[in-house]
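S.K.: Below is one structure. I have some questions about it.
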Amino acid sequence: MSSVCADQTVLVVAGPTASGKSALALLLAEALDGVVINADSMQVYRDLRILTARPSPADEARVPHRLYGVLDAAERGSAAWWRETALAEIAAAGGTGRLPLLCGGTGLYLRALLHGIADIPAVPEAVVREAAERYRRIGG
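Note that the sequence shown covers residues 147 to 286 in this note's numbering.
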């Protein structure tokens with residue numbers, strides 16, 4: 147378990163839905179030569195652009211945006227997956243001299259990034275299939 151590197155500056159724009167986070171992050175990224183890194187659990191899905199109020203293509207073109215629409219709705223995301231991917235994006239932004247700006251309202255993602263997350267092994271596919279079949283048979 148590790149958290150964000152102490153020597154890497156990261157700006158976090160967080161808050162509730164429809165509070166103006168994306169607009170603020172865009173303005174800050176323009177002013178501070180930043181990269182906006184998504185910290186919203188639903189905006190990682192490309193199929194949910196309108197439903198999640200994801201930044202428009204025009205806004206995404208103004209400054210680099212990372213981790214927006216990177217998964218298909220049929221793919222599984224997780225806090226652990228997002229954390230590892232976000233850490234790589236933070237390092238990449240820092241490596242180019244740009245300021246990483248995390249933007250989103252998924253507290254679990256931000257907590258996992260800032261404080262680490264327990265290393266839990268993946269559930270074997272056979273177990274997932276068995277659980278799905280049992281649920282299908284007996285219901286909730």
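Ideal Cβ positions, reconstructed from N, Cα and C, are used throughout, including at glycine.
1) Going straight from the alpha carbon of L259 to that of A239, what length do you get?
2) Could I get the ranges of all uninterrupted beta strand (DSSP E) runs contained in the stretch 229–259, with 3 residues as the minimum, in chain order?
3) Would you mind working out which of A177, P203, V158, V269 sits nearest S224, comparing C-alpha positions?
4) For D172, tell me which candidate among Y191, H211, G253, A199 has the shortest Cα-Cα distance.
5) Given a threshold of 16 other Cβ atoms within 10 Å of its Cβ, counted over all protein chains shown, does Y255 qualify as buried or as exposed?
6) Starting from V158, trace the beta strand (DSSP E) both ways and give me its first and last residue.
7) Near V158, what residues of its chain come up, given a Cβ to Cβ distance below 7 Å and the 5 sequence neighbours on each side ignored?
8) Consult DSSP for I263 and reduce its assignment to one of helix, strand or coil.
9) Does the Cβ-Cβ distance between L245 and G180 come in under 7 Å?
M.R.: Quick answer:
1) 16 Å
2) 245–250
3) V269
4) In the sequence as displayed, the identity of residue 172 is Leu instead of Asp. Among Y191, H211, G253, A199, the Cα nearest to that of L172 belongs to H211.
5) buried
6) 157–160
7) L248, L256
8) coil
9) yes
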